[in-house]
Amino acid sequence: MIAQVSGRLAAKQADRVMIHTAGGIGYEIVVPLGVMERLPAVGEAVSLATELVVRDDGWSLYGFQDEAERRFFQRLIGVTGVGPKIAIALMSALGVERGARAVKERNIGLLASVSGIGKKTAERLALELADKLGEFEDAASATTPAG
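Quick note: the sequence shown uses the numbering used here, first residue 4, plus one each step.
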């Protein structure tokens, strides 16, 4: 597993960044919108908590501001029918705190408003995770900027 990547922010794209490490390796990392908005300028030092997802069609690295965001992502992709793309879409649209609250309160309408999440997937998220996300409801107050 690649649990953290630290280095120089080399590039920003719509949903991913490139981080060059001191060892000369460039990592392409998919990030939620909230992480993208808090990143420093290109060329600055940055550190992201990461999750490596290995699938039949390839390996992808996902980046997060901190361990709490990474754990939230892990919980989301543990739900049947929720892959990394849907988890990133939910985190981008709602953020960790609001997303956790929507699941806990079983707010199917709000969850289903996220691109890629239909009513059945929203119901499954609420059913499987409603009692397991309490630690994330105050995540916004504990989040610190990357870098």
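We treat Cβ as the ideally placed atom computed from N, Cα and C, and that holds for glycine.
Within 8 Å, strictly: CB atoms of residue i and residue j
i    : j    : result
V154 : A14  : As shown, the chain starts at 4 and ends at 150. That puts residue 154 outside it, with no answer to give.
G37  : K88  : no
M21  : G29  : yes
A115 : K122 : yes
P43  : L12  : yes
A103 : F76  : no
Contacts around residue i, its chain only, beta-carbon distance under 7 Å, and the 5 residues preceding and following it disregarded
i    : result
R109 : A129 and A133
R19  : E31, I32, V33 and V34
A63  : Residue identity differs from the one stated: residue 63 is Ser in this sequence, not Ala. For S63, where only same-chain residues beyond five positions count, the Cβ hits under 7 Å are V33, V56 and P87.
E162 : Outside the shown range of the chain (4 to 150) lies residue 162, about which nothing can therefore be said.
D60  : none
Of the listed residues the options, nearest to residue i (C-alpha basis)
i    : options                 : result
V33  : V85, V8, R101 and R127  : V8
R78  : L12, Q16, K135 and L64  : K135
G137 : L114, G112 and A105     : A105
T83  : G27, E131, F139 and G10 : E131
G86  : G112, V49, L55 and L12  : L55
R58  : Q16, E100, I80 and G27  : I80
A17  : E47, S95 and R101       : S95
Chain-order list of residues whose beta-carbon lies under 8 Å from that of residue i (same chain, five-residue window excluded)
i   : result
A52 : A6, Q7, G66, F67, Q68, D69, E70, E72 and R73
Three-state secondary structure (DSSP) of residue i
i   : result
G37 : helix
Q77 : helix
A14 : strand
E47 : coil
A71 : helix
V57 : strand
Contacts around residue i, its chain only, beta-carbon distance under 6 Å, and the 5 residues preceding and following it disregarded
i    : result
H155 : This structure gives no information on residue 155, because the portion of the chain shown stretches from 4 to 150.
T124 : G84
A90  : F76, L79 and I80
V117 : A92, L93 and A96
G98  : G37
| field | Every unbroken alpha helix (DSSP H) within the region 88–137, with a cutoff of 4 residues, ordered by chain | value | With a minimum length of 4 residues, the continuous alpha helix (DSSP H) runs that stay inside the region 88–137 are 111–115 and 122–132.
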